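Under the numbering used here, the residues of the sequence shown are numbered 1 to 268, in order. In this text, a Cβ means the ideal position worked out from N, Cα and C, and glycines have one as well. Note that this is a predicted model, so its numbers are computed, not measured. The structure appears below as structure tokens.
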Amino acid sequence: MIVRKNAAEIAKMEASGAVLAAVFDLLEGLIRPGVRTEELDRAVERFIRSRGATPTFKGYRGFPAAICASPNEMVVHGIPGRYALKPGDIISIDVGVTLQGWVADAARTFAVGPIDAASQRLLRATEEALYAGIEQARVGNRVGDISNAIQTVAESAGLSLIRQLVGHGVGRSMHEDPQVPNVGAPGRGVRLMEGMVLAIEPMTATGRPAVRVGADGWGVYTLDRSRTAHFEHTVAICAQGPRILTPWHLPPDERSAAEGALEGSRGP
Ligand code: MG
């Protein structure tokens, strides 16, 4: 069942999303060679709780931490631990924030110091694929339009999409209907309506898309050990267009302007 949100509810999700965007600002300053992923986890949990919110992932189906920290060939669901970041690593961090019962979900892959050219392309193209997908999150389009836009951008950059992992509706629960695959045909799937809120999240690899689950039952790795990236925003479908509720990657003073620009990019 798809749960549509009214304007007041979307405003509450935007408040959760603002905490989450600030988490990514915090991570930006913390991620460097030598830092252990468990240290990032502790800092993020402390920050989220200091804002009166809770880390959505902690305890979710038994997940033990506030963040998923997935380095290099790990796609998602990495449990933070003793692993210390090395120069040239890439690290995907996925975080959920619940504030007053409303969930925001976002992810981003960071470079640890200078990274090789193939990894730079991986990160850039995956982020571009995310924004191409978001651009299609409009009333009257279908889920397949989002999926196809993501697939087109990622595959034209020579990346493969991890097909078993998909985006999803989000609201009072972290995972709601509909599923939002990262591959698909335009004009197919669920019709997008005002008030739907989606976590759009391309997950890509430089090599082949086959994945396996690691020994801890959580971490998902590429079978061929190729590097992977994951970029995710929580996006509300509004009459004026897509509204990004988790505007990481922009300085706070530019966030509202950028959102406004995106909202205004097509008429109602
Ligand atoms: Mg998600």
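query, result
"Specify the secondary structure class of residue 104 as computed by DSSP and reduced to three states.", "strand"
"Please tell me whether residue 204 and residue 244 are closer than 8 Å, where the distance is taken between their beta carbons.", "no"
"Could you pull the start and end residues of the alpha helix (DSSP H) that residue 118 belongs to?", "117-135"
"Would the beta-carbon of residue 211 fall within 8 Å of that of residue 75?", "yes"
"Below 8 Å between beta carbons: does that hold for residue 104 and residue 97?", "yes"
"Round the Cβ separation of residue 133 and residue 200 to the nearest angstrom and send it over; I've been treating them as touching at under 8 Å.", "5 Å"
"Is the closest heavy atom of the ligand MG to the C-beta of residue 167 under 7 Å?", "yes"
"For a quick check, are the C-beta atoms of residue 234 and residue 17 less than 8 Å apart?", "yes"
"Rounding to the nearest angstrom, what Cα-Cα distance links residue 147 and residue 25 in this structure?", "28 Å"
"For residue 41, collect the residues of the same chain with a Cβ closer than 8 Å to its Cβ; drop the 5 residues on either side in sequence, then sort them by chain order.", "65, 66, 67, 69, 80"
"CB-CB under 6 Å to residue 55, same chain, minus the five flanking residues each way: which ones, in chain order?", "45, 48, 66"
"Among residues of its own chain, excluding the 5 on either side of residue 10, which ones have a beta-carbon nearer than 8 Å to its beta-carbon?", "195, 197, 236, 238, 243, 245"
"My output table needs one value for residue 235: the three-state DSSP class, helix, strand or coil.", "strand"
"When we look at the beta-carbon of residue 5 and count the other beta-carbons within 10 Å, is it buried (16 or more) or exposed?", "buried"
"Can residue 104 be considered in contact with the ligand FAD, in the sense that its beta carbon sits closer than 7 Å to one or more heavy atoms?", "In the structure on display, the ligand FAD does not appear, and the ligands it does have are the ligand MG."
"Output the distance between the C-alpha atoms of residue 268 and residue 241, rounded to the nearest integer angstrom.", "Below a pLDDT of 50, predicted positions are generally treated as unreliable, and residue 268, at 32, falls in that range; no measurement from the model is reported."
"Could you name the residues of the same chain whose beta carbon sits closer than 6 Å to that of residue 22, not counting the 5 residues immediately before and after it, in chain order?", "none"
"Is any heavy atom in the ligand MG found nearer than 7 Å to the beta carbon of residue 185?", "no"
"Only counting the same chain, and skipping five residues up and downstream in sequence, which positions put a Cβ closer than 8 Å to that of residue 140?", "191, 192"
"So, for residue 263: in the same chain, excluding its five sequence neighbours on each side, which residues have a beta-carbon less than 8 Å away from its beta-carbon?", "Confidence in residue 263 is poor, its pLDDT being 43 and thus under 50, which makes the residue's placement too unreliable to answer from."
"Looking at the ligand MG, does it come within less than 7 Å of residue 201, judged from the CB to the closest heavy atom?", "yes"
"Tell me, please, which residues DSSP counts as bridged to residue 47.", "Answer is none; residue 47 lacks a bridge partner."
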